[in-house]
Each structure stands twice: as C-alpha cells, then as structure tokens.
Amino acid sequence: MRPLPLAVAVGLLLAALLAGVLVGSAGLPVGGVLKALADRIPFVHADSGLGVIDENVLFQLRVPRALMAALVGGMLAVAGAGYQGVFRNPLADPYLLGAAAGAGVGATLVIALVPGDPGYGVPLAAFAGAICGVALAYLLGSAATGRGNGTATLVLAGVAVSSFLAAVQTLIQQMKAEELQRIYSWILGGVGSADWHQLALVFPYALVSTVVLLAHGRLLDVLSVGDEEAASLGLSAARVRLTVLVAASLATASAVAVSGLIAFVGIVVPHLVRRLAGGSYRIVLPLSLLGGAAFLEVADLVARTLIRPGELPLGVVTAFVGGPFFVAVLRASRRQVET
Amino acid sequence: MRPVRTLGAVMAIGIVTFATACGGDDGGSGAEPDAKTVTVQAANGAVSVPAAPKRIVSLSPTHTETLFAIGAGPQVVAVDAYSNHPAAAPRTKLSGFKPNAEAIIAYKPDLVVLSDDMDGIVKALEKVKVPVLLEPAAKNLDEAYDEIGDLGQATGHQAEAKKVTDGMRADIQKTVAASSKAKSLTYYHELDNQLHSVSSKTFVGQVYGMFGLQNIADKADKASGGYPQLSREYLLKQDPDLIFLADTKCCGQNAAALTKRPGWSDLDAVGHGGVVELDDDIASRWGPRLAEFVKAIGDAVQKVQ
Numbered sequence: 403m404r405p406l407p408l409a410v411a412v413g414l415l416l417a418a419l420l421a422g423v424l425v426g427s428a429g430l431p432v433g434g435v436l437k438a439l440a441d442r443i444p445f446v447h448a449d450s451g452l453g454v455i456d457e458n459v460l461f462q463l464r465v466p467r468a469l470m471a472a473l474v475g476g477m478l479a480v481a482g483a484g485y486q487g488v489f490r491n492p493l494a495d496p497y498l499l500g501a502a503a504g505a506g507v508g509a510t511l512v513i514a515l516v517p518g519d520p521g522y523g524v525p526l527a528a529f530a531g532a533i534c535g536v537a538l539a540y541l542l543g544s545a546a547t548g549r550g551n552g553t554a555t556l557v558l559a560g561v562a563v564s565s566f567l568a569a570v571q572t573l574i575q576q577m578k579a580e581e582l583q584r585i586y587s588w589i590l591g592g593v594g595s596a597d598w599h600q601l602a603l604v605f606p607y608a609l610v611s612t613v614v615l616l617a618h619g620r621l622l623d624v625l626s627v628g629d630e631e632a633a634s635l636g637l638s639a640a641r642v643r644l645t646v647l648v649a650a651s652l653a654t655a656s657a658v659a660v661s662g663l664i665a666f667v668g669i670v671v672p673h674l675v676r677r678l679a680g681g682s683y684r685i686v687l688p689l690s691l692l693g694g695a696a697f698l699e700v701a702d703l704v705a706r707t708l709i710r711p712g713e714l715p716l717g718v719v720t721a722f723v724g725g726p727f728f729v730a731v732l733r734a735s736r737r738q739v740e741t
Numbered sequence: 057m058r059p060v061r062t063l064g065a066v067m068a069i070g071i072v073t074f075a076t077a078c079g080g081d082d083g084g085s086g087a088e089p090d091a092k093t094v095t096v097q098a099a100n101g102a103v104s105v106p107a108a109p110k111r112i113v114s115l116s117p118t119h120t121e122t123l124f125a126i127g128a129g130p131q132v133v134a135v136d137a138y139s140n141h142p143a144a145a146p147r148t149k150l151s152g153f154k155p156n157a158e159a160i161i162a163y164k165p166d167l168v169v170l171s172d173d174m175d176g177i178v179k180a181l182e183k184v185k186v187p188v189l190l191e192p193a194a195k196n197l198d199e200a201y202d203e204i205g206d207l208g209q210a211t212g213h214q215a216e217a218k219k220v221t222d223g224m225r226a227d228i229q230k231t232v233a234a235s236s237k238a239k240s241l242t243y244y245h246e247l248d249n250q251l252h253s254v255s256s257k258t259f260v261g262q263v264y265g266m267f268g269l270q271n272i273a274d275k276a277d278k279a280s281g282g283y284p285q286l287s288r289e290y291l292l293k294q295d296p297d298l299i300f301l302a303d304t305k306c307c308g309q310n311a312a313a314l315t316k317r318p319g320w321s322d323l324d325a326v327g328h329g330g331v332v333e334l335d336d337d338i339a340s341r342w343g344p345r346l347a348e349f350v351k352a353i354g355d356a357v358q359k360v361q
C-alpha cells in the first residue's frame, strides 16, 4: 500500500468530518463548537460558552450524524468495491443483488404493519430483508448454473429478485396508503435520525464486514487474473467469492438498515479510486472505504444545509451528484478504449 | 350475486336519472318540478341533487362527520375506510385515496360526497349520472363553514347545518377571546416523527394564527406546499414554547416519547408541560369538531401564559 494516496484519503475524510460537525442548520458558532469538541478530549478543559440546547444540537444530533454519514458511506463504497471484485465488473453495485429491494420490503412491512413508533424494528427488518434478498438471488443464481460462481447468472438473478421484491413493496404500499409518507421518506434515504444508540447498533457489523473485505484485497487481485489461474495458485475461487459476497452484503445490509436507500456511492467511489490510484484491490478497498466516508459526509452536509431549515433526502443528493458523474466517467473511459 | 346488484344499481341510477330529467313525481306531492332537486355549488360546479337524497356515500372522513352532525346520518349508506367518526357511520372498505367507481355504484348512491378528485372519480361518477359533490380540503374557516352549509343544502338539513356552523363560530370565538393573544409564543405542530409540520399558510396553521402564535415551521416552508420537513437541529435550536403532537394515533407519539428523542428533554416545552397531545383526526379535519381542536390550543396557550 503506497502511503501517499492513503494519507490524502485520510486527510480528506478528516476535513469532511470537521466540516460536517461545524456546519448545520442550527448555525452554531464555529469557535464554540471547536472549544466544545476540545473539551471532550481527556485532560483538555475549554469553556465552549454554548448553552444546553446548543450542546445538545452538537453532541446529540450533529456529531452522531456526521459519524453515521461517514460510516454508511464507507461501508457502501467498500462493499461496492468488493462486489466489483467478485463479479469482475466495475459496474457491480451493493444494490445489484437484491440487497436494497430486500431491505425495502423488510422496512416497508414493519412501517405498514406495526402500529405506532416501530423504533429499531425498521433497521432490524431492513437488515433481515437485505440478507434474505441477497441469499435469494444467490440461491436462484446457483440453482440456474448448478455452481456458485456463474457471475452473469447471479447478476441476472439479482435483477429478477430485485424487481420481484420491488413489486411486493409497491403492493404493500398500495394497501397501506396512509403510511406512504413514512415509507417514502425511508426509501429516499438519509442519516438524519442517527443517534449514539444507532451507531452502537451498526458498528459491530461495520467492523466485521470491513475487516473481512480489506483482508481479501490480495485474493481479489489474484481472482481478477482468472479463475483457472487462481486455481493453479491453490485458491478456491468459489470460496473467496462467497466470503467476499457475504461480507459485502453484510456491510450493505447494515448501511441500508440505518440509512435507507442511498444510491451511487457504491459505484462512483470505487470507480474514482480506481482511476486515480490504480486497479489493485489492495488499494481500491481501503481507499474506497475512506473516500466513501468522505463523499457521503459532504453529501449529507449538502442535504442538510442546501434548503435549511428543511432537509433534502440524502439519496436524492447522491443520485444528483452520482448520476451525471457516472455518465461522464463512462463516456471518458469509452473514449479511452476507442482511441 | 354481483350481476343482480349491478343490474339493481343500473336500474336505480336509471330511475333517479329519469325522475330528475322529467321532474318526475315520486312523492305524490304534485309540486312544481324544481322542488324535486336542489342545485348546490361545489368545487365541481353546480350540481343537481335530488331533494333529500336517501342513499348517500361519503368518501371523506370530514364530510362523514359533518353529515352525521347535521342529522343526515340516517341517509348515509356507506362511508370510506378512514371515516372513523362517529361510531355509527357505516364504514366500508371503500377508499378515498384509490376510489373505485364500480364499488361506489354498487351502493346505489343518489349522492356521493368526496373531498378529493382522485383518479378522475368525479367524471366517472358523473358519466353514470350519479350526483357528486366535490368539497375539497378547506383553506380557511369560512370555507369549512361553507362546505357544511353545502352539505346541509344538499341533504335537506339546511337549518341544522346553520345551527352547527353558528355553534362552531360561537365556540371558537369564545375560546380565542378567552386566551388573550399569545404574543411571541412559538409553536411546532408535528404531523409525524420525521418532523413534518405545517406552515401558517395551511388551514391548521391559520387556526393557530388566530391565537397570535408564531409558527417555527414558516421559515422552512419554501417549496413544500405548506408541509415542510424540519431538520432536527433547527427544531432544537428554535426551542418552541408549545409542541402540538398530531401524531399520537398514527405514530404513537406522546410527551413521554419526546423526552427519549436525543436532546429533546432539555427543550422548554418538554420540561415545562408545553407538549399538547392532540387527536390526529380532530387536528386534520375541517368538520364540526374544529371547535374541539381550537379549544385544545386555547387551553394550552392559557396554561403556558
């Protein structure tokens, strides 16, 4: 791992986090915020001069939210890079394999069926739904090919499962028209409801899945040469694929569970990393993690300040940035190939 | 036996149409033709309704409440799935969100009342000659009174409708007069726990405006058509004097639940009894129970002052 790109990525992420904590619709004084943050460092005492409400805004809302945006962005991007390695396709995406659609059905079911405030029922159901969606796509894909590693079949199975689950979700929505607003608001995605409990809830999954993914960078590099070559090196391609697939799905499911559906992070960030720092997964995976965190941090900053004191759904912001950006990248890479 | 019911519906419509067209004599009073129908000005134009309709279908919870309050309840044969008040209302699976013309016609209505022209339902019913009154969500108190008057006229309960609106006017005036203007008190009206609110432009917002209350959602209402979603930071920072929860039934919110939201327990309203748990339905309908909504606001204002 070359140190320069890593240092740049860490620097970007820290800058984004700082901006995320300093800026917000409550308009807290910058000096006060910095002092309040410094006050939390052991052995440092700084009088922030912030009132109770301002302190609450900072430590109950803004800081957990900033951390959650970084966590979700990092997970989505590293999962995207993982999927791309498994499928040897730079267009693979965390949402491809039915994870998002499965999460959507899970969350919609809870919102529609549980009266009152479901609390953590929504993230838990979204998590279960995402895992089920991916498992279903994987089983169907394997059944179709008779083996577990027909990637094209797997992707097609994922698309089929996604459309089916999307239809199920629409059906539930239509039967529960009065819950449409809440379901819709979850689908558009965002980290606006992040708090410390939610962070604690999702962190273990994030840690495990990320560590597993990062540990597989070298194996994915070997895999990218071809299955035969991998086998000649004593590597079980199918087992590596399955492990990375499970870890990436776990990361996606936990991200989706706390943030709803946020598109494009998983495609745009690894793509950008690949163009800037090369295609080795030993570089792409960690840089995607850091870059994804910084990217979503900034996107969330835009989401909560652009129309303040209102808020834009985060998924809308990422799609607005990600869509055109992605098309531009596609065009550029095509031109490169053609010339 | 669906075919028989449909046939019945067609026949009923035929008879109504015939009677209306010919000024036919089905009561034996021999009065002039005009007495058999009344013309009501609704949002869908001048509607000719048979005098004292006997089979009314209401697809709007607000209008269901009004119909029963003005004594037209016995004439109502079916109401939509969300018309949950009063208990005597003949609730059905009919939907005002996704209205189904055939399902409505199966009740052989001689008058359909609705507040939303979803999916072209008004045109569909007019095509089969069922009189339809479109009375959309009121934009202010006068419109609300006006719609109650319309329903009175359409159902042959004009006097009772006037009694209801006169009573509402008096009650609301009394409540507002009793709470001397709540100058510079701020409030937040919560529609759901995603912090969707109403601005002063909306009907609900205007009701608060009668007390001189300042709405913290107004600044957020740029392009949201009166129903902005507030950010959590903004809400904490504003620290409103009064919090009105209109999501107690839908989303199980109450004063105790608010204290569990991050940072909310230090809000002035939460600490000093400024949280008002409203009935979602009363706080969203522009019918005869409006005076109760106004009373809840008035009580809260007096308590805080």
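Taken in order, these protein sequences are the chains called A and B. Numbers 403 to 741, taken from our numbering, label the letters of the first sequence in order. Numbers 57 to 361, taken from our numbering, label the letters of the second sequence in order. Note that CB positions come from ideal geometry on N, CA and C, so glycine has one too. Being a predicted model, the structure only gives us computed values, none of them experimental.
Worksheet item: According to the neighbour-count rule (16 or more other Cβ atoms, all chains shown, within 10 Å of its Cβ), is I228 of chain B buried or exposed?
Response: buried
Worksheet item: Of all Cβ atoms in chain A, is any one closer than 7 Å to the Cβ of A276 of chain B?
Response: yes
Practice prompt. Output, in sequence order along the chain, the residues in the stretch 423 to 450 of chain A whose CB is closer than 9 Å to any CB in chain B.
Written response: G426, S427, A428, G429, L430
Item to complete: Drop a sphere of 10 angstroms on the beta-carbon of M577 of chain A, count the other beta-carbons inside from all chains shown, and report buried for 16 or more, exposed for fewer.
Response: exposed
Practice prompt. Would you check if the distance between the CB atom of I160 of chain B and the CB atom of V105 of chain B is smaller than 7 Å?
Written response: no
Worksheet item: Does DSSP classify R341 of chain B as helix, strand or coil?
Response: coil
Discussion item. Does the structure place the stretch 281 to 289 of chain B close enough to the stretch 711 to 728 of chain A that three or more beta carbon pairs sit under 8 Å?
Written reply: yes
Discussion item. Using C-beta distances below 6 Å, list every residue in its chain close to L556 of chain A, excluding the 5 sequence neighbours before and after it, in chain order.
Written reply: G543
Discussion item. Tell me the rounded alpha-carbon separation between A409 of chain A and Y586 of chain A.
Written reply: 39 Å
Discussion item. DSSP has A102 of chain B in a bridge; who is on the other side?
Written reply: B:Q97
Discussion item. Would you say P284 of chain B lies against chain A (beta-carbon separation less than 7 Å)?
Written reply: yes
Worksheet item: Which residues in the same chain have their Cβ closer than 8 Å to the Cβ of V627 of chain A, if we skip the five residues on either side of it in sequence?
Response: none
Discussion item. If the cut-off is 7 Å on Cβ atoms, which residues from the stretch 585 to 604 of chain A count as contacting chain B, listed in chain order?
Written reply: S587, G594, D597
Worksheet item: When DSSP labels each residue in this structure, what does R111 of chain B get in the three-state scheme?
Response: coil
Worksheet item: Which word fits I669 of chain A, buried or exposed, when buried means at least 16 other C-beta atoms lie within 10 angstroms of its C-beta?
Response: buried
Item to complete: Mind the definition here: the stretch 94 to 110 of chain B touches the stretch 186 to 193 of chain B only if three or more C-beta pairs lie below 8 Å; say whether that holds.
Response: yes
Worksheet item: Can we say the stretch 477 to 485 of chain A touches the stretch 643 to 662 of chain A, given the rule of at least three CB pairs closer than 8 Å?
Response: yes
Worksheet item: At least one CB of chain C closer than 7 Å to the CB of Q270 of chain B: is that the case?
Response: The question asks about chain C, but that chain is absent: this structure's protein chains are A and B.
Worksheet item: Is there a Cβ from chain A that is less than 7 Å from the Cβ of D335 of chain B?
Response: no
Fill in: Separation of L498 of chain A from S116 of chain B, as counted between CA atoms
42 Å
Item to complete: List the residues of chain B that L463 of chain A touches, going by C-beta distances under 8 Å, in chain order.
Response: R288, E289, L292, P318, G319
Discussion item. Using a Cβ-Cβ cutoff of less than 6 Å, which residues in the same chain neighbour S690 of chain A once the five nearest sequence positions on both sides are dropped?
Written reply: A479, V480, A483, V671, P672, V675
Practice prompt. Please determine, among B:T93, B:Y243, B:P165, the residue with the shortest C-alpha to C-alpha distance to K110 of chain B.
Written response: B:P165
Worksheet item: Looking at V660 of chain A and V570 of chain A, is the spacing between their C-beta atoms short of 7 Å?
Response: no
Worksheet item: From R58 of chain B to T645 of chain A, what does the alpha carbon distance come to, in whole angstroms?
Response: Only weak support exists for where R58 of chain B lies, its pLDDT of 47 falling under 50; the value from the coordinates is given anyway. C-alpha separation (whole angstroms): 57 Å.
Discussion item. Quick test of the definition: if touching needs 3 or more C-beta pairs under 8 Å, does the stretch 218 to 226 of chain B touch the stretch 194 to 205 of chain B?
Written reply: yes
Fill in: chain B within 7 Å of V459 of chain A, Cβ atoms only
yes
Practice prompt. Look at the alpha carbon of A608 of chain A and the alpha carbon of V648 of chain A, and state the distance between them as a whole number of angstroms.
Written response: 13 Å
Item to complete: Could you run through the stretch 698 to 724 of chain A and flag, in chain order, every residue whose CB is less than 7 Å away from some CB of chain B?
Response: R706, I709, R710, P711, G712, E713
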